[in-house]
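Report on one structure; see the data block that follows.
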Amino acid sequence: MSTARIDEQGNKVYMQYTDASQQDATGKHGVWLFLVTEVMMFSGLFVAYAIFKSIYPEIFYEGHKFLDWRMGALNTVVLLSSSLTMALSIYYVQKGKNAVAMGHLAFTLLCGAAFMVIKYFEYTHKIHEGLTPGHFFTYANGETANLALYFGIYYCMTGLHGIHVLTGMALIAWVMYRLKKGEFSPTQYTAVEGVGLFWHLVDLIWIYLFPLLYLVS
Amino acid sequence: MGHAHVEGSNYLNHEKGLWSWLTTLDHKRIGILYFISVMFFFLIGGLFALLIRLELMEPGQQYISADFYNQVMTLHGSIMVFMVIIPGIPAFLGNFFLPIMIGAKDVAFPKLNLLSWYCLICGAGIAVSALFAGGIDTGWTFYTPYSIKTSTAVIVFVLGAFVMGFSSILTGLNFIATTHKLRAPGMTMNRMPLFVWALYSTAIIQVLATPVLAITLLLLVAERALGIGFFDASLGGDPVLFQHFFWFYSHPAVYIMILPALGVISELIAAFSRKTIFGYTAIAYSSVAIAAVSFFVWGHHMFVSGQSELAGAIFSGITMLVGVPTAIKLFNWVATMYKGSIRLDSPMLYAIGFMFLFTIGGVTGVMLATMAIDVHLHDTYFVVAHFHYVMVGGTLMAIMGGIYYWFPKMFGYMYSETLARLSWVFIFMGFNITFFPQFILGTQGMPRRYHDYIPEYAWLNKVSTFGSWFIFAGFVIGLISIILAFRKKEKAPMNPWGAKTLEWTIQSPPIHDNFEKIPTVNGGPYEYR
Chain A
1 MSTARIDEQG NKVYMQYTDA SQQDATGKHG VWLFLVTEVM MFSGLFVAYA
51 IFKSIYPEIF YEGHKFLDWR MGALNTVVLL SSSLTMALSI YYVQKGKNAV
101 AMGHLAFTLL CGAAFMVIKY FEYTHKIHEG LTPGHFFTYA NGETANLALY
151 FGIYYCMTGL HGIHVLTGMA LIAWVMYRLK KGEFSPTQYT AVEGVGLFWH
201 LVDLIWIYLF PLLYLVS
Chain B
218 MGHAHVEGSN YLNHEKGLWS WLTTLDHKRI GILYFISVMF FFLIGGLFAL
268 LIRLELMEPG QQYISADFYN QVMTLHGSIM VFMVIIPGIP AFLGNFFLPI
318 MIGAKDVAFP KLNLLSWYCL ICGAGIAVSA LFAGGIDTGW TFYTPYSIKT
368 STAVIVFVLG AFVMGFSSIL TGLNFIATTH KLRAPGMTMN RMPLFVWALY
418 STAIIQVLAT PVLAITLLLL VAERALGIGF FDASLGGDPV LFQHFFWFYS
468 HPAVYIMILP ALGVISELIA AFSRKTIFGY TAIAYSSVAI AAVSFFVWGH
518 HMFVSGQSEL AGAIFSGITM LVGVPTAIKL FNWVATMYKG SIRLDSPMLY
568 AIGFMFLFTI GGVTGVMLAT MAIDVHLHDT YFVVAHFHYV MVGGTLMAIM
618 GGIYYWFPKM FGYMYSETLA RLSWVFIFMG FNITFFPQFI LGTQGMPRRY
668 HDYIPEYAWL NKVSTFGSWF IFAGFVIGLI SIILAFRKKE KAPMNPWGAK
718 TLEWTIQSPP IHDNFEKIPT VNGGPYEYR
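Chains as they are written, first to last, in our numbering: chain A, 1 to 217; chain B, 218 to 746.
Have a look at this one:
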């Protein structure tokens, strides 16, 4: 059992730490390490993208025509706004304005949901046209060989990213719950910061995915 | 901590009942949970190994069919890799001793630590359930295109490995944060025991490489389930891409398996030579060097895969570089023993055995890194012998040495030294009888992984099978020595070996908080003389 004590500032400090600042620094260290693992995981897909792009540039050119860049751009705007409000929510927790922070977190969560809804419309549209991954690819264009491979990459990359958006939304909801319970204060907000870092990484990956998949020429 | 320490209280009796173990956040108890699970997996993987050797005792089919043999071989490999050797030292001995050795009360994230154990158990459960869904016969490498085409339960098994990967990542993440942030006052990086350096380097690999395995396995699942085509030539993909992805993780993973063992040996050599370790800095940084180089050598598994000769030559050269930091360690250990007051207690016997076997394993590794030789020896028993010399002769010998070294600290009891030495005699001897003939078989051209062979290879195979029984006997004796130690309850002193690292300055077994008062460190870890 890991026991915790309450220090002079009212922070909960677990027994393995000497004080709250060591605890916060360690927590942040852990979050950064976790982000490294995320980058490594996505890098596998980016490598696959690079390899197939170099072998079959034509399927990327053909494939991107089926994506609606306006939807992608809209999603980019949505995620970028959410990154701003996420960062602001940390700022407001630091300032002790928890109610304002809560509003910003809620907006961030809403943006995440909006992103997923837009993505849902994109996916259903493609599935309707038979632009589905692998064995289920039924779109008959007859001109570009291996076009299905492009959609394999498209679904793998955006799918894994989508799972991360959902995870991020769950984490934001968790932070909101803790904020509501009054667990964060200007001296204790590591969890908000950590979730913020994760959310920024998820946005950042989309910033790469958008041009790589939608804006091919 | 506020609560007063009760006389006779320790981490084992701090709380009682199975539930307190299954929900524990104490790094020592989690280490013990890993100990028990790894021992169990080792038994299973070992029985499969015995079955393989039994079948190969004579040419032709003896006891099991070729299809079943393929499954047994796959399970032996993947259980030993994913469930025994990878978690073996870091998650068991490392979990128990890393925090104590740097003067901390626990790891940085105790809940993650417990979660990582559950990931291992759940992953293992999922993987083994593949047995009831048609088995798996791809070998532990899951190479495409076979892994896409076979009718066995690849998806189930691969998802199990995926979940076990999280266990490895979380342990690594925890250890890096612990090492950076939780060191006691005065415990600078350059005063950390070498075992901690080794675990730290291992953790870096776990954090950087395992996510790549995760995406590789997910893509394999997507390939089988949806046919996304990444690894399927008929859909425009490339099966060799899978090999690149796989080995980008799995070669560094080999160092996840061996680096902690090198760390254990550093501890043993210093303690039983009763001498300050020679070349502390060199040994410490060579661990980090091995970790760094490990990411640039994966292509040496693929010399005959059709990759370009230039790539092959570069991978070959970098692979030989690994020999440098490894040899630095070995020479420093020998230099430490030189003019030391060597005690040949059982942990030291295992350490010396390690040095012999690991040297053979390492030198044959350099041979295999040479492209011209590798093309000849590729996929023969020479490779099998090579990696068993490194993994069994290296890592398992180190685990055994480490268990005997730290057993008194972990459980507070002494074991029978006679039985411990006897186990070493059987394992060391049996190991060489089993695997040395495989070097010869390999040079004669016997291919690995087959269920049958031509009669010319018969007698060496027979010798090899006899050897496997000696190894089995050795581990059984080891198990008996541990069981007897628990029955005899001969109390262990605080520091039976006169070792100098922090874990020997506290009670055996340690109290729940490890230290009554966090120590202040004033010197290096091996100040003998």
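Don't be surprised by glycine CBs; every beta carbon is placed ideally from N, CA and C.
Within chain A, partners of lysine 398/B - CB distance below 8 Å:
Gln22, Ala25, Thr26, His29
Leucine 212/A versus Tyr123/A, Ile163/A, Val47/A, Asp7/A, residue with shortest Cα-Cα distance
Val47/A
Chain A residues whose Cβ lies nearer than 8 Å to that of threonine 388/B: Those do not exist, as threonine 388/B stays about 12 Å from chain A at its closest Cβ, beyond 8 Å.
Report task. Out of Pro186/A, Tyr154/A, Asn11/A, state which residue places its alpha-carbon closest to the alpha-carbon of phenylalanine 66/A. Result -> Tyr154/A
- Message: Nearest by alpha-carbon distance to histidine 605/B: which of Ala350/B, Ser226/B, Gly263/B is it?
- Response: Gly263/B
Open item on the list: Let's test the definition: count the other Cβ atoms within 10 Å of the Cβ of arginine 270/B and tell me whether it reaches 16, buried, or not, exposed.
Closed with: buried
**OP:** Taking alanine 341/B and phenylalanine 374/B to be in contact with their CB atoms under 8 Å, please state how far apart those CB atoms are, rounded to whole angstroms.
**Re:** That pair is no contact at about 11 Å.
Output yes or no for whether 9 Å exceeds the beta carbon distance between valine 521/B and histidine 468/B. no
Reference alanine 508/B; option with closest CA among Pro542/B, Thr498/B, Leu329/B, Lys328/B | Pro542/B
Serine 185/A bridges to which residues according to DSSP? Gln188/A
Am I right that isoleucine 559/B and serine 490/B are in contact with their C-beta atoms under 8 Å? What's the rounded C-beta distance? 5 Å
Inset, instruction - Kindly list the residues whose CB is nearer than 7 Å to the CB of histidine 220/B, restricted to its own chain and excluding five residues on each side of it in sequence; keep chain order. - result: Model confidence at histidine 220/B stands at a pLDDT of 48, short of 50, so the residue's coordinates are unreliable and nothing is read from them.
Residue nearest to isoleucine 207/A in terms of C-alpha spacing, selected from Ser82/A, Leu110/A, Asn98/A, His125/A
Ser82/A
Notebook entry, point to check: Who are the neighbours of tyrosine 56/A on chain B, taking C-beta pairs under 7 Å?
Noted result: Gly453
Interface residues of chain A facing phenylalanine 447/B [CB-CB closer than 7 Å]:
Ala48, Gly152
Find the residues of chain B that neighbour cysteine 111/A, judging by a C-beta separation of less than 8 Å, and give them in chain order.
Residues of chain B passing the Cβ test: none, with the nearest at roughly 26 Å.
Exercise. Can you tell me where the alpha helix (DSSP H) with lysine 546/B in it begins and where it stops?
Worked result: 526–554
Item to check | Interface partners of phenylalanine 136/A on chain B, CB under 9 Å | outcome: Leu443, Gly444
Identified DSSP bridge partners for arginine 665/B:
Answer is none; arginine 665/B lacks a bridge partner.
- Message: Between which residues of its own chain and methionine 274/B is the CB-CB distance below 8 Å, once the five residues before and five after are set aside?
- Response: Asn678, Lys679, Thr682
Please go through the same chain and pick out, in chain order, the residues whose beta-carbon is closer than 7 Å to the beta-carbon of leucine 566/B, but skip the five residues on each side of it. Arg638, Trp641
_valine 13/A - containing beta strand (DSSP E), residue span_ = 12–14
Check: If we count Cβ pairs, one from each stretch, closer than 8 Å, do we get three or more for the stretch 13–20 of chain A versus the stretch 372–386 of chain B?
Finding: no
- Determine the chain B residues that contact phenylalanine 34/A at a beta-carbon separation under 8 Å, and present them in chain order. Leu390
Below 7 Å on C-beta distance, what does lysine 322/B contact in chain A?
Met15, Gln16
Simplified DSSP assignment, three categories, for arginine 560/B = coil
- Alpha carbon to alpha carbon, how far is asparagine 146/A from leucine 425/B? 32 Å
task: Identify whether alanine 4/A lies in helix, strand or coil by the three-state DSSP scheme.
output: strand
Exposed or buried, which one is histidine 729/B when buried takes at least 16 other CB atoms within 10 Å? buried
Next item on the list: Take proline 402/B as the anchor and find which of Tyr555/B, Val514/B, Thr427/B, Gly320/B has the nearest alpha-carbon.
Entry: Gly320/B
Q | Environment of histidine 128/A [buried if 16+ CB atoms lie within 10 Å] | A | exposed
### Query
Using the rule of at least 16 other Cβ atoms within 10 Å of the residue's Cβ for burial, across every protein chain shown, is glycine 557/B buried or exposed?
buried
Q) What residues in the stretch 170–204 of chain A have a beta carbon less than 7 Å from any beta carbon of chain B? A) none
Point to revise | Straight-line gap, threonine 576/B to glycine 225/B (C-alpha atoms, nearest Å) | key: 44 Å
| message | Tell me the residue span of the alpha helix (DSSP H) that contains valine 457/B. | response | 456–490
Exercise for the section: Give the secondary structure of lysine 95/A by DSSP, where H, G and I count as helix, E and B as strand, and everything else as coil. Expected result: coil
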